[in-house]
Amino acid sequence: MQEANLCTALVLGATGLVGRTLVAQLKNDQRYRQITCLVRSSAGLEGNNCQEVITDFSRMQDYASYFQASHIYVCLGTTIKQAGSKAAFRSVDFDLVYQAAQLAAMQQALSFVWISSVGADARSRSFYLRTKGELEEAIFAMQGLKRPAQVRPSLLLGERREFRFFERLGTMFAPLYSHLLHGRLAKYRPIAAEEVAEQMIGLQYFG
4 MQEANLCTAL
14 VLGATGLVGR
24 TLVAQLKNDQ
34 RYRQITCLVR
44 SSAGLEGNNC
54 QEVITDFSRM
64 QDYASYFQAS
74 HIYVCLGTTI
84 KQAGSKAAFR
94 SVDFDLVYQA
104 AQLAAMQQAL
114 SFVWISSVGA
124 DARSRSFYLR
134 TKGELEEAIF
144 AMQGLKRPAQ
154 VRPSLLLGER
164 REFRFFERLG
174 TMFAPLYSHL
184 LHGRLAKYRP
194 IAAEEVAEQM
204 IGLQYFG
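4 is the number of the first residue of the sequence shown in our numbering; add one for each residue after it.
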């Protein structure tokens, strides 16, 4: 494959569970010549055609030029507990992801993939799922955004840097109930971060 035909990738949320796994996979994907990660602080991701860009996410428009990448991957996400309030949670899980989609549209990125959630529904009683669903509707309605696609994982399996009690509890009991989830319930099976990352790459447009 000629280097001129290779793709470039931009990753937001590269330090999270899926993000770190995704970056590792992209580094080994011969279809990419350059991977750029927008990060709040250095996370040791550089090397093997990957660069970090220290980013002030409150001024994301200042980093618009990086959205000229072929493929945009957004793995941003938090919890209400971590964020401290519903408003702070929404500012990350809705506002930042939506801003990233706007910049991807403005810079004509070839495709845009982000992490949503199983059960996302703009009419859900759950604030978390309602926020995810509203984001999906907003992004798919956006003018000029090429090939938007979301992944909807259930409980993520893998080692996080931060401790999340209920996720840890769910991971412990996953082997006991996963095999019971069949048919329409299969989407609720816990899923490895590696598999989510693979799904995200599979949704991108390579021409």
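Just so you know, even glycine gets a beta-carbon here, dropped at the ideal spot from N, CA and C.
Opposing strand residues paired with residue i [DSSP bridges]
i: V14; result: C40 and Y76
i: V116; result: Y76 and A152
i: Y35; result: C10
i: I194; result: L159
Closest Cα partner of residue i within the set the options
i: D96; options: G16, A195 and Q207; result: G16
i: I194; options: G205, Q202 and P156; result: P156
i: F115; options: N31, S44 and Q202; result: Q202
i: L9; options: T18, I38, Q111 and L20; result: I38
i: E197; options: V14, R23, T11 and A12; result: R23
i: V42; options: K135, Q102, V14 and G122; result: V14
i: V21; options: V154, D124 and Q207; result: V154
i: G136; options: Y101, A112, M109 and Q146; result: Y101
i: L99; options: M63, A27 and A12; result: M63
i: K30; options: S44, T11 and G19; result: T11
i: Q105; options: A86, F143 and Q28; result: F143
i: A103; options: P151, Q33 and A125; result: P151
i: F209; options: Q33, D65 and A27; result: Q33
i: A200; options: G147, Y66 and C78; result: C78
i: F60; options: G87, N52 and G80; result: G80
i: A27; options: G205, E139 and C53; result: C53
Boundaries (first-last residue) of the alpha helix (DSSP H) holding residue i
i: E49; result: Run containing E49: none; DSSP gives neither H nor E here.
i: R23; result: L20 to K30
i: L158; result: Careful: L158 lies outside any alpha helix (DSSP H) and carries neither H nor E.
i: V121; result: Careful: V121 lies outside any alpha helix (DSSP H) and carries neither H nor E.
i: V95; result: V95 -> no alpha helix (DSSP H), and no H or E assigned at all.
i: Q85; result: I83 to A86
i: G136; result: F130 to F143
For residue i, the first and last residue of its enclosing beta strand (DSSP E)
i: Q54; result: C53 to I57
So does the segment 90-101 actually touch the segment 125-142, counting three or more Cβ pairs closer than 8 angstroms? Verdict: yes, contact present.
With contact counted as at least three CB pairs below 8 angstroms, one residue from each stretch, are the segment 68-83 and the segment 48-55 in contact? Not touching, per the Cβ criterion.
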